[in-house]
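A.B. asks: Per this note's numbering, residue 169 is the first one in the sequence shown, and the count goes up by one each step.
Idealized CB from N, CA, C, for every residue including glycine.
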Amino acid sequence: MTRQVSITLVSQVVYVSGYVNGEACTFTLSDTTADGTVWTAEAARARLDIYDISITAVDAAGNAVTYNMTIYYGLNLVIDRERSDVEHAAEMRLKGVDGMTDKELDKWLEGLKGSYNATDLNRVETAVEYVSDKLASVGIHLGISVQKNWAREDLPSQSDMQRYLGNVQKIRDSIAVTEDTPELTTSMNNLTYEEANDIEKVLMHVNILLESMMKAWYYSGEIYAGEV
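#1: Please list the segments of the beta strand (DSSP E) lying wholly inside the segment 324-395, counting only runs of 3 or more residues, in order along the chain.
#2: With the cut-off set at 8 Å, would you say T200 and S179 are in Cβ contact?
#3: Could you pull out every residue in the same chain whose Cβ sits closer than 6 Å to the Cβ of L289, ignoring the five residues on either side in sequence?
#4: DSSP state of A232, grouped into three classes?
#5: If V181 and D227 are in contact, beta carbons under 8 Å, what's the gap, nearest whole angstrom?
#6: Mind checking R249: buried by the 16 CB within 10 Å criterion, or exposed?
#7: Determine the contact status of E297 and T287, defining contact as a CB-CB distance below 8 Å.
#8: If we call anything under 8 Å between Cβ atoms a contact, is R340 one with L359?
#9: According to DSSP, is V402 part of a helix, a strand, or is it coil?
#10: Which whole-angstrom value is the C-beta distance of V246 and E363, which I expect to be below 8 Å?
#11: Nearest to P350 by CA position, among S252, L323, H373 and T196, is which residue?
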């Protein structure tokens, strides 16, 4: 089985080559949008639908830039970060790349549970789109904009983070949630591991509610009313 993996790059890019989960893949220009050019590759389907991408993008002037990113499909959430995860991430930062073992370096590049980086941004942005699409399927349209191809080299702006957090807040506000659905932090500055967990818990709770609603409609026969 394969998966079409897509990334959006600046419009000046004319050629892309690279790897998906360590396998060489051919990237072709599949679309042009207001945000840039969309490049797509056919990759082997990963068991968890998680794809580590390393590409070289070349512009019309021949300038080459390397990007490394992890992208997700579907709902992949982390809701169980603990203080020990944060302490381990801090320990690895002190070690530095040169002081890490090969195994530690692999884990570092994948994205440690106790840190917050491009891997987390891509996972949550994808989950936001997933839940937003599910809301739209029941008539709740939020008009949310996401960015799903954050690279390790990227530095998010304040407005990026306001949009990121605001998207999750819109989803939380769009439906009557249960009492155990956490409130969101108002800022991504100095984010704690508990606040990071809460961001993804909100998405999990809303998704569970939507699935329950859709099953209830199905079992009551309402999904068929007037349609057949």
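C.D. replies: Short version:
#1: Whole beta strand (DSSP E) segments, 3+ residues: zero.
#2: Cβ distance < 8 Å, so T200 and S179 count as in contact.
#3: In the same chain as L289, and ignoring 5 residues on each side of it, the C-beta atoms closer than 6 Å to its own belong to W318, in chain order.
#4: Secondary structure of A232 (DSSP, three-state): strand.
#5: A Cβ-Cβ separation of about 6 Å places V181 in contact with D227 under the 8 Å criterion.
#6: So R249 ends up on the buried side.
#7: Against a cut-off of 8 Å, the Cβ pair of T287 and E297 comes out as no contact.
#8: Against a cut-off of 8 Å, the Cβ pair of L359 and R340 comes out as no contact.
#9: Past the boundaries of the shown model lies residue 402; the chain is included only from 169 to 396, so the question cannot be answered.
#10: In fact, because the Cβ distance is near 13 Å, the residues do not count as touching under 8 Å.
#11: Just measuring C-alpha positions, the residue of S252, L323, H373 and T196 sitting nearest P350 is H373.
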